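Below is one structure, written out as structure tokens, with a few remarks after it.
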Amino acid sequence: IPFITGYTQGVTPNPCLNCNRTIRWQFLLDRALALGADYLATGHYVRLRSQNYNLHLNSKPKFELLRGVDHSKDQSYVLHILTQEQLAHALFPLGAYSKAQVREMALDFGLPVAQREDSQDLCFLGGDDYQSFLIRQTPQVVKPGPITNLDGEQIGQHQGLAFYTIGQRKGLGIQTSHPLYVIKKDNTTNTLFVAPEGHLGKQDLTAGEVNWISGIAPEQPIVGTIKIRYKAEDTDGLITPQKDGSIKIRLTRPLRDITPGQAAVIYNGELCLGGGIIR
109 IPFITGYTQG VTPNPCLNCN RTIRWQFLLD RALALGADYL ATGHYVRLRS
159 QNYNLHLNSK PKFELLRGVD HSKDQSYVLH ILTQEQLAHA LFPLGAYSKA
209 QVREMALDFG LPVAQREDSQ DLCFLGGDDY QSFLIRQTPQ VVKPGPITNL
259 DGEQIGQHQG LAFYTIGQRK GLGIQTSHPL YVIKKDNTTN TLFVAPEGHL
309 GKQDLTAGEV NWISGIAPEQ PIVGTIKIRY KAEDTDGLIT PQKDGSIKIR
359 LTRPLRDITP GQAAVIYNGE LCLGGGIIR
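For any residue, its number in our numbering is found by taking its place in the sequence shown, counting from 1, and adding 108.
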């Protein structure tokens, strides 16, 4: 399972990306088409726009993925992995509504889920926490090792790199005169590096496993806005495609929570262009 593999390799994966890629938009879509369905409708807060630029040439329509009208619930971040073929069979009926409007409609229809709390990242665990899940599935993640500062001094011991993420301050089990944050995880030496907050900010990142929703990668660098986590604010940046299919991104300002395993998703206004997994 990519979710488990990522943690064992010292990165912080986003389970929603893997779920949408392999469960909804591979297994479930394939099953729906095999049953004779034309479309797969989901409750994601995104919008779909179809453009047909050459009607006389009978060209296939081009599908564009737009943010949901309710930006506080927009889920284009986790659907940047979709392709033109998948979008051709997609319906997103909730994308034009706010979450409050959807709840009102659910009440009007008498649906039992109208008042249900929003699900979180690990909805498939049914209320369990990810640490307990990892320990049950992959006991080897419990691998204590040193917590080291920038001077190379060991100031504590971690319980396993899988249980920590970049930017984390609480739960480190160390006592210092000033707050320290996780700035790096070294899987080779099983070392967790910490430093004051000022060492967190970075402006450059590389991402792989890149998907361009249009199906065509840009040949030249482009300017866009980038989201490095689902709840992160957009940040302007320069995106430079590489020959190996990866992308390099130079942000206009440092961000403190650039985390390997999360996605860097690229936008042009409301339009989601695609993205990749931060290395």
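A virtual CB, placed ideally from N, CA and C, is assigned to each residue, including glycine. Just so it is clear, the structure is predicted and the values come from calculations on it, not from any experiment.
If you look at Ala371, you'll find it isn't in any alpha helix (DSSP H); it sits in the beta strand (DSSP E) that goes 371-376. Pairing Ile255 with Asn122, the inter-Cα distance amounts to about 24 Å. Judged by DSSP in its simplified three-state form, Pro362 adopts strand. With fewer than 16 other Cβ atoms from the protein chains shown falling within 10 Å of its own Cβ, Asp352 counts as exposed. Taking 7 Å as the cut-off, the Cβ atoms of Ile274 and Thr348 do not count as close. With fewer than 16 other beta carbons inside 10 angstroms of its own, His179 counts as exposed. For Asn126, the enclosing alpha helix (DSSP H) stretches over residues 123-126. Taking all protein chains shown into account, Cys231 has fewer than 16 neighbouring C-beta atoms within 10 Å of its C-beta and is therefore exposed.
One thing to note: Gly377 has its Cβ no nearer than 7 Å to the Cβ of Arg358. The C-beta of Gly203 has 16 or more other C-beta atoms within 10 Å across all chains shown, which makes the residue buried. The region 289-301 and the region 141-160 do not touch, with fewer than three beta-carbon pairs separated by less than 8 Å. The DSSP-derived three-state label of Ser158 is strand. Boundaries for Val331: no alpha helix (DSSP H) harbours it, while the beta strand (DSSP E) harbouring it runs 330-335, taken from the DSSP string. Rounded to the nearest whole angstrom, the C-alpha separation of Leu148 and Arg211 is 22 Å.
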